[in-house]
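Those protein sequence lines, which keep their order, are chains A and B. The opening residue of the first sequence carries number 18 in our numbering; numbering runs sequentially from there. The opening residue of the second sequence carries number 4 in our numbering; numbering runs sequentially from there. The beta-carbon is built from N, C-alpha and C at its ideal position, and this holds for glycine as well. The next block holds one structure in the form of structure tokens; read it before the comments.
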Amino acid sequence: AQSVTQLDSQVPVFEEAPVELRCNYSSSVSVYLFWYVQYPNQGLQLLLKYLSGSTLVESINGFEAEFNKSQTSFHLRKPSVHISDTAEYFCAVSDQDSFQKLVFGTGTRLLVSP
Amino acid sequence: GAVVSQHPSWVICKSGTSVKIECRSLDFQATTMFWYRQFPKQSLMLMATSNEGSKATYEQGVEKDKFLINHASLTLSTLTVTSAHPEDSSFYICSASSVLFTDTQYFGPGTRLTVL
Numbered sequence: 018a019q020s021v022t023q024l025d026s027q028v029p030v031f032e033e034a035p036v037e038l039r040c041n042y043s044s045s046v047s048v049y050l051f052w053y054v055q056y057p058n059q060g061l062q063l064l065l066k067y068l069s070g071s072t073l074v075e076s077i078n079g080f081e082a083e084f085n086k087s088q089t090s091f092h093l094r095k096p097s098v099h100i101s102d103t104a105e106y107f108c109a110v111s112d113q114d115s116f117q118k119l120v121f122g123t124g125t126r127l128l129v130s131p
Numbered sequence: 004g005a006v007v008s009q010h011p012s013w014v015i016c017k018s019g020t021s022v023k024i025e026c027r028s029l030d031f032q033a034t035t036m037f038w039y040r041q042f043p044k045q046s047l048m049l050m051a052t053s054n055e056g057s058k059a060t061y062e063q064g065v066e067k068d069k070f071l072i073n074h075a076s077l078t079l080s081t082l083t084v085t086s087a088h089p090e091d092s093s094f095y096i097c098s099a100s101s102v103l104f105t106d107t108q109y110f111g112p113g114t115r116l117t118v119l
């Protein structure tokens, strides 16, 4: 069985500062990894995913995450955040055999202030 | 992008009554739909997976007679909470995937259920 740990429940940061949201996973098999974002009063939206290939994946709005198999991590980073990035971010994992069965972390609330 | 809606967005009911929540894929055919439950400040927990035209597969610990799931068409799945009790109060979220993008789930906005 898989598990996901998001150690930071909340990350406050100033606008235009860099940010890293941490995600570590546990699994005995090969995995797929995902980051979802939830804006207030909205459903979860897929931000980016790692399925195979390059370990560095990017989203269209400037976020990136790197799959590190040796450290079992998939941290999310952005070099310069905007106020509009304020949201809840969820890391999720699935194993490659039952890939539709997502296991989520507890989420990290990113608070961007001016 | 793929859009999933849920109705209602919130519902309040009396203990002992049943509540039905709808999940619709608006612009794609959802061959598989998922139902999650989210408690405050906790992660989403998968309750069940349903494929169109088949019986739902429930996760361990989820009472299938209490949480009835129907996936009768490629665009609609329903979750019925039967004989609801206050401990069933939660945020229920559905998601859907398609044969065109089986590795990605698209999520609905969720339904807040409060049982008095």
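Item to check | Nearest-angstrom Cα separation, counted from Ser44 of chain A out to Thr60 of chain B | outcome: Translated into positions along the second sequence, residue 60 of chain B becomes position 57. Translated into positions along the first sequence, residue 44 of chain A becomes position 27. The straight-line gap from Cα to Cα measures roughly 22 Å.
Checklist entry - Quick one: what does DSSP say Pro89 of chain B is sitting in, helix, strand or coil? => result Sequence index remark: in the second sequence, residue 89 of chain B carries index 86 (1-based). Helix at Pro89 of chain B.
Checklist entry - Where does the unbroken beta strand (DSSP E) through Tyr56 of chain A begin, and where does it stop? => result In the first sequence, residue 56 of chain A corresponds to position 39, counting from 1. Note, Tyr56 of chain A: premise wrong, no beta strand (DSSP E); not H, not E.
Checklist entry - How is Asp112 of chain A classed by DSSP in three states: helix, strand or coil? => result On the first sequence, position 95 is the one that residue 112 of chain A refers to. In this structure, Asp112 of chain A counts as strand in the three-state DSSP scheme.
Next on the checklist: Does Ile77 of chain A come out as helix, strand or coil in the three-state DSSP assignment?
Outcome noted: Indexing the first sequence from 1 puts residue 77 of chain A at position 60. Ile77 of chain A falls in the coil class under three-state DSSP.
Checklist entry - Which ranges would you report for the beta strand (DSSP E) in the segment 37 to 63 of chain B if only whole runs of at least 3 residues count? => result 47 to 54
Item to check | 8 Å CB neighbourhood of Pro131 of chain A in its chain, flanking five on each side removed | outcome: As a first step, residue 131 of chain A must be located in the first sequence, where it is residue number 114. Once the five neighbours on either side are set aside, the close Cβ partners of Pro131 of chain A are Phe31, Glu32, Ile100.
Item to check | C-beta neighbour in chain B for Leu64 of chain A, strict 8 Å | outcome: As a working mapping, residue 64 of chain A is identified with position 47 in the first sequence. Chain B, which has no Cβ nearer than 8 Å to the Cβ of Leu64 of chain A, makes this no.
Item to check | Residues bridged to Phe104 of chain B (per DSSP) | outcome: Locating residue 104 of chain B in the second sequence gives position 101, counting from the first residue. Looking at the DSSP assignment, Phe104 of chain B forms no beta bridge with any residue, so it has no partner.
Checklist entry - To which residues of the same chain is Val54 of chain A closer than 6 Å at the C-beta, ignoring the five residues directly before and after it? => result Start at 1 with the first residue of the first sequence, and residue 54 of chain A comes out as number 37. Closer than 6 Å at the Cβ level, and outside the excluded window around Val54 of chain A, lie Gln62, Leu64, Ala104, Tyr106.
Next on the checklist: Taking 8 Å as the cut-off, does the segment 115 to 128 of chain A touch the segment 45 to 52 of chain B (at least 3 CB pairs, one atom from each stretch)?
Outcome noted: yes
Checklist entry - Taking C-alpha atoms, which residue in B:Ala33, B:Phe42, B:Thr52, B:Leu103 lies nearest to Leu71 of chain B? => result Here the question's residue 71 of chain B lines up with position 68 in the second sequence. The shortest C-alpha separation from Leu71 of chain B is found at B:Thr52.
Next on the checklist: Thr89 of chain A and Tyr56 of chain A - do their beta-carbons sit closer together than 8 Å?
Outcome noted: Taking the first sequence and counting its residues from 1, one reaches residue 56 of chain A at position 39. Taking the first sequence and counting its residues from 1, one reaches residue 89 of chain A at position 72. No.
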